[in-house]
Amino acid sequence: MIKAIDFSKWNDLTQKKDLPKNTWLSTEEVILLKGKFKTGKSLFAQQLMTAVATGRNWFDEYFGKVKTYGIFCEDDEDKLKYRQFAINESYKLNIKSHDLINNVRLIPRRGENNLLMIFDNDKHIGQLTPYFEELLRDIQLFQPKLVVLDSAPDLFWGDEDNKFHFKQFMQNCCARIARQANCTVFLCKHDNSGEEEYSDKVWYLIKPEIITDERELYGYGIHCLRCYKDKIFHGVGDHQEIECRY
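In structure tokens, the structure reads:
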């Protein structure tokens, strides 16, 4: 029997979420961060994880302190450590901070098999991999409210330009993690057109000379993140910028 909604089990019509309802970072959503190569997507994601985990202001919003979990397929431990030191300096955080130790889980996956979904048949039907199941279990055990997946090309073996392939990856993989782990999934992806319809929200990390929209962000050549709001640029988070040279 196909399962339908049982209205008798609804106690009230108020939807309860662990993060503010009016925020762009809401539970059980998938957010897509797009940007060209070397625009600072990974740094942005790692800074977001730190801000949310330590109770920092982010885009004039406060989320409290929640657990965050991130897999970084293009980075080794040294790269994540280097970025984290820069972020900590900006936020005036000690590396031994209990919030960092207890609320942030960074997983370097450079050189590993990171495929969560593969397309190895003529029917173009995506298959979830054993690593997906392993990852989902680990996420559920840690119970984060924000999960970062960096980046899409490393996570599924399919055609990124095939909308049917990417839609399956977004809905059957990323959205499944969001639902089953009761968290927000933040997916980093190199900039291609056409993915917006498969994500609840899309953010862009682009060059400053072409920025026009408040959903668009950019990183300087030294990867200082800024946001565009009310026709001026603002620092992301409590401080004006993060310098992370590499």
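Position in the sequence shown (from 1) plus 22 gives the number in the numbering used here.
The beta carbon of each residue, even a glycine, is placed where N, CA and C say it ideally should be.
Just so you know, these numbers come straight off a predicted model, no measurement behind them.
- One alpha carbon belongs to Cys-95, the other to Asp-28, and they sit about 41 Å apart.
- Shown here for Phe-186: same chain residues with a beta carbon closer than 7 Å to its own, the five before and five after excluded, namely His-146 in chain order.
- In this chain, Lys-211 is not harboured by any alpha helix (DSSP H); it is covered by the beta strand (DSSP E) spanning 206 to 212.
- Under the 8 Å Cβ criterion, the region 186 to 203 does not count as touching the region 109 to 121, having fewer than three qualifying pairs.
- Pairing Leu-150 with Ala-73, the inter-Cα distance amounts to about 31 Å.
- Of the other Cβ atoms in all chains shown, 16 or more fall within 10 Å of the Cβ of Pro-166; this residue is therefore buried.
- At a Cβ-Cβ threshold of 8 Å, Lys-56 and Lys-211 count as neighbours.
- Three or more beta-carbon pairs separated by less than 8 Å are not found between the region 151 to 162 and the region 58 to 78, which leaves the two stretches without contact.
- Taking 8 Å as the cut-off, the beta carbon of Thr-206 is found no closer than this to the beta carbon of Ile-109.
- Between Gly-92 and Gln-69, the beta carbon gap of about 11 Å keeps them out of contact (Cβ cut-off 8 Å).
- Remark: C-beta atoms of Leu-177 and Leu-138 approach each other more closely than 8 Å.
- In the DSSP annotation of this structure, the continuous segment of the beta strand (DSSP E) that includes Ile-93 starts and ends at 90 to 94.
- Assignment of beta-bridge partners to Lys-223 by DSSP yields Ile-53.
- Within the model, the alpha-carbon separation for Lys-101 versus Arg-132 is close to 10 Å.
- Look at Gln-165 here: in three-state DSSP terms it is coil, with no helix or strand label.
- DSSP places Ile-24 in no beta strand (DSSP E); its state is neither H nor E.
- Of the residues Tyr-84, Asp-183, Leu-122 and Met-71, the one whose Cα lies closest to the Cα of Asp-213 is Asp-183.
- Comparing C-alpha distances from Glu-50 to each of Val-224, Ala-174, Val-169 and Trp-179 shows the shortest one belongs to Val-169.
- Bounds of the alpha helix (DSSP H) holding Leu-65 are 63 to 76.
- Restricting attention to Ala-75, Asp-98 and Ala-174, the CA atom closest to the CA of Glu-134 is found in Asp-98.
- One alpha carbon belongs to Asp-172, the other to Leu-209, and they sit about 6 Å apart.
- If the five residues before and after Asn-204 are omitted, its C-beta is found closer than 7 Å to the C-beta atoms of Thr-49 and Glu-50, all from its own chain and listed in chain order.
- A straight line joining the alpha-carbon of Pro-175 with that of Ser-112 spans about 30 Å.
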